[in-house]
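Residue numbers (my numbering): -13 to 448. Ideal placement from N, C-alpha and C gives every residue a C-beta, glycine not left out. See structure below.
Listed below in structure tokens is the structure:
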């Protein structure tokens, strides 16, 4: 419980209308999009909604004096508990710092506050002929600050990269309230350490992001979406790797196994051929119809070699929208198959996809659990999802064992624990397996240097 005197001091910074102290409000900020029974979270003692960097700096300075834990938060769309408190303290909700500060069409940059929604950045730039590519599935209800903190990805990452590839500079408030500027609009910059990259993916453990300069690129002139159905999951995985090796880099290559396709079919109210074991949604872009024809034609031949049953090109904007709406709704469709869904996020080398799906299915059989396998095959990032009923005796114990084996399987084929969701709370016990003791000691020392009192998002990553 936070002392009333301290709450009053914080209130003087942002005003009484920008703090929340009622139990119901505090409960709202005690969870995110993670699966709640697996997150040992607690209610914060206080929620604050700052509107400027100066307010954030004063909040951090005061929190540092009183050694109060601070958890920065956007819209709570994270899936590993990264934005929920584990020791009470203060949640710093940045969703009202949501201004687009500058659009620079000459340098191809946009400068934004952390609370701007990802989709709003995309639309704002698209209306001006430029392209911000990162597209996490939560883009309609996630903020750019959260995307940067998690280094979020999305379907387009295979061709265009993840959030971190577009962060050119940051304004960050450190644990003691000091304000750090990193990077800028310049293309080349090797002046000292790359501090911008240090904060990308740091999950709010090193500082609070209050501004970001993002790189933009020209908007592609044409797009084409293709749905391919396969007679085996391994064949679908191999086809993606082979297509990219051949020189055709799709904008997206989204994989769905049979369980995922069945969920989508149920969600979309259509039937699925029982011979279909996997599907891929490809997206291509280019400057001309000829370019699109060459890309789709080459990939069609490769898919045929790996057991494709159907190769469907979306011929209208409505068909493209239909295919992508089904993919965007996949997570919800899969979740509807069981009382509980435990969705993971592993990343492996692309050529290891056939091997990892084989291992994942073996894990499901070993523990007698249903598992849907889907994700961004183009960059090797999969989301194996366990469909379970945790009210059953022994079910949680089986899930815990299976999740551990999923992570070990990813590491065994040269992969890692997370491709885009981060570590947060849910994966921290496996971090030494991934980084080794020296790796963990190194990031601990960085954390200690920037946050000696350990007040920034404690209990996350390690």
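In the DSSP output, which residue or residues are listed as bridge partners for residue 205? Taking the chain shown and counting its residues from 1, one reaches residue 205 at position 219. Under DSSP, residue 205 shares a beta bridge with no residue.
Who are residue 357's beta bridge partners in DSSP? Translated into the one-based positions of the chain shown, residue 357 becomes position 371. Its beta-bridge partners are 372.
Grab the span of the beta strand (DSSP E) containing residue 50 for me, first residue to last. As a working note, residue 50 is residue 64 in the chain shown. First-last for residue 50: 39 to 52, but that is the alpha helix (DSSP H), not the beta strand (DSSP E).
Check whether the region 236 to 245 and the region 287 to 294 are in contact - that is, three or more C-beta pairs closer than 8 Å. Short answer: they don't touch.
Can you list, in chain order, the residues of its chain with a C-beta nearer than 6 Å to that of residue 407? Leave out the 5 residues immediately preceding and following it. Residue mapping note: residue 407 aligns to position 421 of the chain shown, counting from 1. If the five residues before and after residue 407 are omitted, its C-beta is found closer than 6 Å to the C-beta atoms of 65, 66 and 331, all from its own chain and listed in chain order.
Where the alpha helix (DSSP H) containing residue 271 begins and where it ends: On the chain shown, residue 271 is found 285 positions in, with the first residue counted as 1. Counted as a single uninterrupted DSSP element, the stretch harbouring residue 271 is not any alpha helix (DSSP H) but the beta strand (DSSP E) occupying residues 264 to 272.
What are the start and end residues of each continuous alpha helix (DSSP H) run of 4 or more residues lying completely inside the region 300 to 362, in chain order? Listed in chain order, the complete alpha helix (DSSP H) runs (minimum 4 residues) inside the region 300 to 362 are 303 to 314, 316 to 321 and 339 to 352.
Among 179, 405, -7 and 282, which one has its Cα closest to the Cα of residue 187? For the purposes of this step, residue 187 is identified with residue 201 of the chain shown, where counting begins at 1. When only C-alpha atoms are compared, the closest one is 405.
Using DSSP's beta-bridge definition, name the partner residues of residue 240. Along the chain shown, one-based indexing puts residue 240 at 254. 267 and 362.
Pull up the distance between the alpha-carbon of residue 354 and that of residue 219, whole angstroms please. Stepping through the chain shown from its first residue, residue 354 is reached at position 368. Stepping through the chain shown from its first residue, residue 219 is reached at position 233. The C-alpha of residue 354 lies about 20 Å from the C-alpha of residue 219.
Identity of the residue in 326, 321 and 399 nearest residue 344 by Cα: Counting from 1 along the chain shown, the entry for residue 344 is found at position 358. Here the closest residue by C-alpha is 399.
Taking C-beta to C-beta, are residue 32 and residue 80 nearer than 8 Å? Your numbering for residue 32 matches position 46 in the chain shown. Your numbering for residue 80 matches position 94 in the chain shown. Contact: no.
Supposed close pair residue 162, residue -12 - CB separation, criterion 8 Å: Here residue 162 refers to the residue found at position 176 when the chain shown is read from its first residue. Here residue -12 refers to the residue found at position 2 when the chain shown is read from its first residue. No, residue 162 and residue -12 are not in contact; Cβ-Cβ is about 20 Å, not under 8 Å.
Taking only three categories from DSSP, how would you classify residue 405? Position 419 of the chain shown, counted from the first residue, corresponds to residue 405. Coil at residue 405, not helix or strand.
Does the region 67 to 74 come into contact with the region 34 to 49, if we say contact requires no fewer than three beta-carbon pairs (one atom in each stretch) closer than 8 Å? Taking 8 Å as the limit for Cβ pairs, the verdict is that the region 34 to 49 does not touch the region 67 to 74.
In angstroms with no decimal places, state the Cα-to-Cα distance between residue 283 and residue 264. Locating residue 283 in the chain shown gives position 297, counting from the first residue. Locating residue 264 in the chain shown gives position 278, counting from the first residue. Whole-angstrom Cα-Cα distance: 20 Å.
Excluding five sequence neighbours on each side, which residues of the same chain lie with their C-beta closer than 7 Å to the C-beta of residue 165? Here residue 165 corresponds to residue number 179 of the chain shown, with the count starting at 1. Correct list, in chain order: 39, 43, 157 and 159.
Considering only residues of the region 104 to 182, which uninterrupted beta strand (DSSP E) runs meet the minimum length of 3 residues and lie entirely inside it, listed in chain order? Runs found: 153 to 159 and 165 to 169.
Would you identify the three-state DSSP class for residue 437, choosing helix, strand or coil? Position 451 of the chain shown holds residue 437. Residue 437 sits in coil when the DSSP states are folded into three classes, being neither helix nor strand.
Using only alpha-carbon positions, find the residue among 315, 217 and 259 that is nearest to residue 253. What you label residue 253 is simply residue 267 of the chain shown in a count that begins at 1. The residue from 315, 217 and 259 with its alpha-carbon nearest to that of residue 253 is 315.
Quick check on residue 455: buried or exposed, where buried means 16 or more other Cβ atoms within 10 Å of its Cβ? Outside the modelled stretch of the chain, which goes from -13 to 448, sits residue 455, for which no answer is possible.
Whose C-beta lies closer than 6 Å to the C-beta of residue 247 among residues of the same chain, with five residues either side of it excluded? For this step, residue 247 is matched to residue 261 along the chain shown. If we look at residue 247 and ignore the five residues flanking it on each side, its Cβ neighbours are 258 and 265.
Identity of the residues DSSP links to residue 59 by a beta bridge: Translated into the one-based positions of the chain shown, residue 59 becomes position 73. Looking at the DSSP output, residue 59 shares a beta bridge with 79.
Specify, as a first and last residue, the run of the beta strand (DSSP E) that residue 31 falls within. Numbered from its first residue, the chain shown carries residue 31 at position 45. First-last for residue 31: undefined, no H or E at that position.
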